[in-house]
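K.L.:
Mapping of the sequence shown onto my numbering: residues 228 to 444, in sequence order. C-beta: ideal position from N, C-alpha, C; glycine also. In this text the structure is predicted, and so the values were computed from the model without any measurement. Structure incoming, see below.
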Amino acid sequence: MCFAVRIPTLAALAIAGAAMLASGLLAANPTYRWVDDQGVVHYGDRIPPEYADQRSDVLNRHGVAVGSREGVRTAEAREAEAREAEARAERNAQQRRDRVLLDTYLSVEEIRMLRDRRLEMLQAQLDVTASTLERLYQQLHDLEMIAAEYRPYNDDPEAERIPEDLARDLAAVQGSVLDYERTLDQGREEQLRLMDRFEADILRFEELQAYQQRRRQ
């Protein structure tokens with residue numbers, strides 16, 4: 228059982244409370260108060276399903292709010308809240324990144340200089356890795372040439388089984404080749420990420436500078 232009144236005046240609320248007391252709605256079970264989308268205040272001992280996802284007040288027998296009931300959020304409401312929380316977190320993160328940019332650099336040229344230094348350092352590491360990988364390729368080639376005389380790399384039924392130490396060396400170099408190839412690939416990917424990140428920083432820094440310039444005008 229429920230009824231509704233308009234929010235606009237305190238007098239209306241007082242009349243509604245008196246009516247509720249007179250009708251005995253507040254005498255037994257808890258009475259709830261909620262507001263619909265049209266701004267109408269509703270009272271009742273049960274909350275209709277269409278308002279179950281809204282917050283409501285719990286009233287005592289005198290019509291005084293003594294507590295509240297959080298609405299049962301629908302899946303859509305939870306998803307909307309999650310999206311809003313994600314958007315809010317992204318805005319906060321962007322604001323932090325903006326502060327770091329403005330606090331760290333005075334000009335776009337400074338960003339480019341740091342980018343170039345980082346890329347040079349990374350390229351030097353890649354050069355060392357590539358040089359080591361070339362030596363490993365040569366070692367692997369030499370070991371494979373020797374291993375080709377033995378089974379299972381030689382199909383000759385009279386060929387001897389590959390010596391254990393040679394098999395171990397071959398496996399070790401093969402493993403090292405894979406490791407350095409992976410390191411080289413990761414370094415090249417990092418190069419691309421680094422360039423993209425600095426390019427994004429430059430564009431954002433220019434936007435922030437333009438915004439500050441407009442505010443000063």
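(1) In three-state DSSP terms, what is Tyr259?
(2) Does Val404 come out as helix, strand or coil in the three-state DSSP assignment?
(3) Whole angstroms are fine: how far does the CA of Arg415 sit from the CA of Arg442?
(4) Using CA atoms only, rank isn't needed, just tell me which of Pro257, Ala307, Glu306 is closest to Val291.
(5) From which residue to which residue does the alpha helix (DSSP H) around Leu333 run?
(6) Measure the Cβ-Cβ separation of Leu421 and Arg345 and say whether it is below 8 angstroms.
(7) Below 8 angstroms on the Cβ atoms is my guess for Val404 versus Tyr377; work out the distance and round it to an integer in Å.
(8) Given a cut-off of 8 angstroms on the beta-carbon distance, is the pair Asp428 and Leu328 in contact?
(9) Looking at the strands, I want to know which residues DSSP matches up with Ser295.
(10) Do Ile389 and Ala374 have their C-beta atoms closer together than 8 angstroms?
(11) Kindly list the residues whose CB is nearer than 6 angstroms to the CB of Gln436, restricted to its own chain and excluding five residues on each side of it in sequence; keep chain order.
(12) For a quick check, are the C-beta atoms of Val268 and Arg260 less than 8 angstroms apart?
(13) Using the beta-carbon count (16 or more within 10 Å), is Tyr438 buried or exposed?
(14) Use the C-beta contact count for Ser358: other C-beta atoms within 10 angstroms, 16 or more gives buried, fewer gives exposed.
(15) If contacts are defined as beta-carbon pairs under 8 angstroms, then Arg342 and Phe425 qualify, I think. What distance do you get, rounded to the angstrom?
(16) Which same chain residues, not among the five before or five after Ile274, have their C-beta less than 7 angstroms away from its C-beta?
(17) Look up Arg388 in the DSSP assignment and give the residues it is bridged to.
(18) Give me, in chain order, the residues of the same chain whose beta-carbon lies closer than 6 angstroms to that of Glu387; leave out the 5 immediate sequence neighbours on both sides.
(19) Quick check on Gln265: does DSSP put it in helix, strand or coil?
(20) What separation, rounded to the nearest whole angstrom, lies between the Cα atoms of Glu308 and Arg315?
(21) Classify Ala309 as helix, strand or coil using the three-state DSSP reduction.
(22) Helix, strand or coil for Gly290 per DSSP?
(23) In this structure, does DSSP put Gln444 in helix, strand or coil?
P.N.:
With the given structure in hand:
(1) strand
(2) helix
(3) 41 angstroms
(4) Pro257
(5) Premise fails: Leu333 is in no alpha helix (DSSP H) and is neither H nor E.
(6) yes
(7) With 8 angstroms as the limit, Val404 and Tyr377 do not qualify as a contact, their Cβ atoms being about 20 angstroms apart.
(8) yes
(9) Asp284
(10) yes
(11) none
(12) yes
(13) exposed
(14) exposed
(15) 4 angstroms
(16) Tyr259, Trp261, Ser283
(17) Arg378
(18) Tyr377
(19) coil
(20) 10 angstroms
(21) helix
(22) coil
(23) coil
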